[in-house]
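K.L.:
In my numbering, the protein residues as written are 47 to 950.
Structure representation (structure tokens):
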């Protein structure tokens, strides 16, 4: 093999360089399980340099962006890694780059590359000394799931690799920014959580020595500044409006309400050496420094916010600086601290001093001992290009890669390499012209045999297993008996609901999940890490959209058909809403005894929120699971309410198990908008119609901004739209919760409080048509001749809505029906037309999807049943194409009365 050919193969060294995270890149033990050539070519990312098609069936692969490596990585670690990558990180697949050249030459090249990479800094990591709470970080590391892949936080010290906690914290908070392939996912850590975890991993080093000023005196210095800022300014560049010595750290020293800043400086007396925690709770921004070290970062415009940081201190007097600014609104700044022998308490003047002869200020960070040399930086940049590192590693914020080109011409394609044998990258021994991957003989032969050939499509189960293994999903999840937390780590998975047992603390199994969850939900969970088990402290990582698409496809391919398709039983909407709610409630099957509903706590164990079931679960799986929970979730504490198909509620829906389950599913399909199940304690102002009607005039969801809600005795309800002069909503059960609009600022629209909510279509209820086949107009309002005239109440406070259309006066009256199909399940409506009735005036009695007669003067229109009373000369007309039921208002009469019964 020519030296040029070997240099091009050299470029593939950048495959999954573990220069960012101990778990980054393809695990060689994992690669050993992928013995086929296409998998190895994919995992080693050969197509980054060599023209060829990446396998569309395998999970994303890539290398980290090195554009900010200087803000995180120690130059010494970079040198060690490049000299002995596999020894520094045995889990990685980065090859030995310089094993085939003399040691002195290798060290010179490595030193130059280390200088170059150390100069690639991030503008985001501007306070390298900033640290968080390491104790809190260790706790977070254990709780959120980091232990599944990395083991306990105290098992390693990342300071060997990472130069400062701030740089690592930035990576932990935004991992996919530098790892777009998703092999280091996001656990959605907050800024403070990321800093705390990083501080636990990057040990703080030796304690900070004291400053111990001479002739210090009680009190602290202060300076007040005037200005309008969104972030803390550089006070050294500003002139204070007043200054002096005070006996407290309060912002009230400024004697100003808005647009000011305060800086306190002095010395803090530390009695015992050890780790100390400091916190600021400020409105707006604040910072707390000890010498050069930024201990607490709480900058920005915000309400009262508490942030903390830790630092190890020797006993003595330490220079401190407290900065604060107020933009507008309320303002405060409270500082607390804790340390060896004492719990959190205010930082008060008793432990603070100031020196009249010395102003401590903020001292600049100490050098880390690394001094960049321009000639080495220049040579390192040249080597980065010559070795084609940019084929896999971006060094810019846009993540752009550069395929090798230039002095050697384009590298050979994968097809052209098929006769390479065991030369170059595939060589079993290190050479001077190619990187050494340490491949076994079988791996080298497998790669050679696969070069230039299209990758075969794997079986769905194989493709899925490969993704789960590659992304270490088995570290937390079981699937078909494989994987799950190890015996050693199992106890470290925690929950807030101990009574739930393992279900409450261990991530759910993935067996048959493609038949269980809807595709959109699978994508959302993988891409965003959406969580529906708040009691489980382990967090689902966020992997991004690329992996989410591939993994969703793999789950569906592997699990399709595992749950038999079933046809739901026939069940009216009304029965489904009524009995579904009843069964879920405390007087039914008492699902609310263990399950939260739309954020409302359950009566006992705080299990998964029922209101997200419809969004997540496939209907067929839901039906199968409720019928026999343990068959789909072995070990679950979910009881079976229909053992052998026999219902525990024989008097509900005739004891039919399939109808009861379908009623529950249909009811839960409303999601958070479903009426609250019976038995749950609800906060708010429930309006109840007892003996007479209750009115609620406000914004009602589905009835507009001028809605008039009416609750009738017998739990039958109506919302009338005063803008469009029409009935907008009908529902059963509870009436309204008035707390949204009757307390606080009253923003937004209120939902009906009951169940079986029927939304009626928009549009005018009256129109003059040339004939019965003319299209119904869509516009309504004053421009079309409509006028709302208010309403009047009867002796039981039931309103008659009044409006006019041209010269026709209309009275629209409703009352709870007595009898009908189901007690109090209907409304009787009487519409009276008075005045000069014109020719061709039609009243639209109902409109919906599908219309059909049910008998004399009875019709089903969509989900509404309309029964018209016998009226002399009544002319009702069905219009199937538009789904309308029209009634001709007889002209020439001074009064025309139409009576309807509305059932739904």
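Ideal Cβ positions, reconstructed from N, Cα and C, are used throughout, including at glycine. For clarity, every value in this text was computed on a predicted model and none was experimentally measured.
Hey, quick one: how far does the alpha helix (DSSP H) through residue 706 stretch, first residue to last?
P.N.:
That run of the alpha helix (DSSP H) goes 703 to 714.
K.L.:
Does the beta-carbon of residue 349 have 16 or more other beta-carbons within 10 angstroms, so that it is buried, or is it exposed?
P.N.:
exposed
K.L.:
Do you know how far the Cα of residue 198 is from the Cα of residue 550?
P.N.:
21 Å
K.L.:
Straight-line CA distance for residue 309 to residue 393?
P.N.:
15 Å
K.L.:
Applying the 10 Å Cβ sphere with the 16-neighbour rule, what's the burial state of residue 268?
P.N.:
Buried, since its Cβ has 16 or more Cβ neighbours within 10 Å.
K.L.:
Shortest alpha-carbon distance to residue 279 belongs to which of 307, 263, 295 and 291?
P.N.:
307
K.L.:
In terms of residues, what are the limits of the alpha helix (DSSP H) holding residue 753?
P.N.:
Counting along the chain, residue 753 falls outside any alpha helix (DSSP H), though it belongs to the beta strand (DSSP E) covering 750 to 758.
K.L.:
Quick check on residue 262: does DSSP put it in helix, strand or coil?
P.N.:
coil
K.L.:
Residue range of the beta strand (DSSP E) that residue 734 falls in?
P.N.:
Segment: none, residue 734 is in no beta strand (DSSP E) and carries neither H nor E.
K.L.:
Assign residue 940 to one of three DSSP states: helix, strand, or coil.
P.N.:
If DSSP states are grouped into helix, strand and coil, residue 940 belongs with coil.
K.L.:
For residue 894, which of 431, 806 and 779 has the nearest alpha-carbon?
P.N.:
806
K.L.:
Give the straight-line distance between the Cα atoms of residue 165 and residue 746, rounded to the nearest whole angstrom.
P.N.:
60 Å
K.L.:
Whose C-alpha, out of 516, 497 and 354, is nearest the C-alpha of residue 182?
P.N.:
In terms of Cα proximity to residue 182, the closest of 516, 497 and 354 is 354.
K.L.:
From this set, 883, 633, 853 and 141, which residue's C-alpha is nearest residue 477's C-alpha?
P.N.:
141
K.L.:
Measuring straight from C-alpha to C-alpha, what distance separates residue 753 and residue 765?
P.N.:
6 Å
K.L.:
Report all residues from its chain with a CB closer than 6 Å to the CB of residue 240; omit the five preceding and five following residues, and keep chain order.
P.N.:
215, 218 and 219
K.L.:
From 252, 162 and 272, pick the residue whose C-alpha is nearest to that of residue 283; which is it?
P.N.:
272
K.L.:
Anyone know if the C-beta pair for residue 710 and residue 595 falls short of 7 Å?
P.N.:
no
K.L.:
Work out the CA separation of residue 358 and residue 89 for me, nearest whole Å.
P.N.:
Rounded to whole angstroms, the gap between the alpha carbons of residue 89 and residue 358 is 43 Å.
K.L.:
Could you tell me which of 759, 906 and 376 sits nearest to residue 735, measuring between CA atoms?
P.N.:
759
K.L.:
For residue 824, name the three-state secondary structure that DSSP assigns.
P.N.:
coil
K.L.:
From the DSSP output, which residues share a beta bridge with residue 858?
P.N.:
847 and 877
K.L.:
If you draw a straight line from the C-alpha of residue 828 to the C-alpha of residue 864, how long is it?
P.N.:
36 Å
K.L.:
Near residue 605, what residues of its chain come up, given a Cβ to Cβ distance below 6 Å and the 5 sequence neighbours on each side ignored?
P.N.:
558, 560 and 561
K.L.:
From 338, 351 and 739, pick the residue whose C-alpha is nearest to that of residue 842; which is it?
P.N.:
739
K.L.:
Distance check for residue 823 and residue 933, CA to CA, integer angstroms please.
P.N.:
15 Å
K.L.:
Nearest to residue 948 by alpha carbon, out of 682, 748, 915 and 192?
P.N.:
The option with the nearest alpha carbon to residue 948 is 915.
K.L.:
Residue 461: buried (16+ other C-beta within 10 angstroms of its C-beta) or exposed?
P.N.:
exposed
K.L.:
Alpha carbons only, please: which of 943, 921, 92 and 930 is nearest the one belonging to residue 494?
P.N.:
Among 943, 921, 92 and 930, the Cα nearest to that of residue 494 belongs to 92.
K.L.:
Here's the rule: buried if 16 or more other CB atoms are within 10 angstroms of the residue's CB, otherwise exposed. What is residue 931?
P.N.:
buried
K.L.:
Suppose you measure from the CA of residue 524 to the CA of residue 533; what does that come to, to the nearest Å?
P.N.:
13 Å
K.L.:
Cutting at 8 Å between CB atoms, please list the residues of its own chain near residue 952, excluding the five before and the five after it.
P.N.:
For residue 952 there is no data in the structure shown, the boundaries of the chain being 47 and 950.
K.L.:
By Cβ distance, which residues of its chain are closer than 8 Å to residue 670, with the 5 residues on each side in sequence left out?
P.N.:
609, 610, 612, 677 and 678
K.L.:
Assign residue 874 to one of two classes, buried (16 or more other C-beta atoms within 10 Å of its C-beta) or exposed (fewer than that).
P.N.:
buried
K.L.:
Use the C-beta contact count for residue 577: other C-beta atoms within 10 angstroms, 16 or more gives buried, fewer gives exposed.
P.N.:
exposed
K.L.:
Which of the three DSSP states, helix, strand or coil, is assigned to residue 480?
P.N.:
coil
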